[in-house]
Amino acid sequence: MPIALAPVDRILRKAGAERVSKDAALELRDIVENFAHRIATEAVRRSSESGRKTVFKEDVLQAPASVVGRVKENILIDVETEILRELEDLIPPRER
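Residue numbers (numbering that gives the first Met the number 0): 0 to 95.
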């Protein structure tokens with residue numbers, strides 16, 4: 000169930016936007032929904048690992064740190080991979 004656009008528009012206006020395009024509101028909504036889904040998934044995982052069916056406030060509060068940590072790890076892996084590719088292009092292969 001998508002988040003309604005009106006609250007997203009209000010968030011952008013409270014942040015200082017005088018006008019908000021529909022595309023901007025849609026994009027922010029997609030980002031927020033994606034992040035919320037990741038947090039919810041992590042909160043459910045935490046409750047399940049604790050042997051519970053109920054997700055508690057603490058599960059939700061602790062979930063963002065894990066989600067952000069994984070995002071940072073993925074970014075670092077992507078950067079390392081890109082650096083290695085660049086180096087491979089710069090360094091000629093050894094002759095045997």
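From the three backbone atoms N, C-alpha and C, an ideal C-beta is built for every residue, glycine too.
From this set, Ser46, Ser65, Gly50, which residue's C-alpha is nearest Lys56's C-alpha? Ser46
Using the beta-carbon count (16 or more within 10 Å), is Asp88 buried or exposed? Residue burial annotation: Asp88 is exposed, with fewer than 16 other C-beta atoms found within 10 angstroms of its C-beta.
Are the beta-carbon atoms of Ile38 and Val7 separated by less than 8 Å? For Ile38 and Val7, no; Cβs fall outside 8 Å.
Quick one: residues in its chain with C-beta nearer than 8 Å to the C-beta of Arg28, no 5 flanking neighbours on either side, listed in chain order? Pro1, Ile2, Leu4, Val7
Rounded Cβ spacing between Ala42 and Val31 (contact assumed at less than 8 Å): The Cβ separation is near 16 Å, so there is no contact.
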